[in-house]
């Protein structure tokens with residue numbers, strides 16, 4: 001069982017996936033910091049110094065200064081400001097992933113285009129023959 005697990009864990013795709021998850025988590029933390037520490041303060045300048053992280057509804061109907069104050073009072077809250085910040089995080093992350101996939105796809109297409117085709121199949125016997133051939137060396141059919 002240990003040998004099977006080792007074989008499974010050390011497969012190339014599994015290691016690639018693990019590296020991708022680790023890099024993705026680090027990138028997610030980076031985007032979260034970008035949104036929380038740079039983008040949201042800039043947005044709050046345009047919205048009258050509104051702090052999105054402190055926008056919430058207290059479920060008991062009373063007003064509280066902060067989410068922490070409501071939590072300390074034992075009141076359930078709907079933290080829509082945190083949700084707005086998470087949506088902005090998601091949009092930025094999705095856009096960056098889109099750009100990354102687009103760039104990788106472009107690189108793969110260039111690699112595929114770089115492969116030069118030097119052979120074709122004979123339409124009669126399906127043998128691989130040079131592109132310049134006018135007659136198949138295998139079945140001697142004339143080629144157009």
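In this note's numbering, the protein residues as written are 1 to 144. C-beta atoms are modelled at their ideal positions from N, C-alpha and C, and glycine is treated no differently.
Neighbour-count burial assignment, residue i, 16 or more Cβ in a 10 Å radius
i	result
residue 62	exposed
residue 140	exposed
residue 22	exposed
residue 31	buried
residue 89	buried
residue 35	buried
residue 95	exposed
residue 1	exposed
residue 46	exposed
residue 70	buried
residue 5	exposed
residue 56	buried
residue 52	buried
Endpoints, beta strand (DSSP E) assigned at residue i
i	result
residue 121	119-121
Residues bridged to residue i (per DSSP)
i	result
residue 77	58
residue 142	135
N-terminal and C-terminal residue of the alpha helix (DSSP H) that residue i is part of
i	result
residue 41	40-46
residue 128	From DSSP, residue 128 is part of no alpha helix (DSSP H) but of the beta strand (DSSP E) over 128-130.
residue 71	67-72
residue 3	2-9
Of the residues the options, the one placed nearest residue i, counting alpha carbons only
i	options	result
residue 130	43, 106, 119 and 38	119
residue 122	110, 106, 137 and 73	137
residue 133	91, 126, 125 and 143	143
residue 91	39, 10 and 115	39
residue 124	24, 114 and 135	135
For residue j and residue i, believed in contact at Cβ under 8 Å, the rounded distance
i	j	result
residue 67	residue 77	6 Å
residue 20	residue 54	Incorrect: roughly 35 Å between the Cβ atoms, too far for contact.
residue 28	residue 93	7 Å
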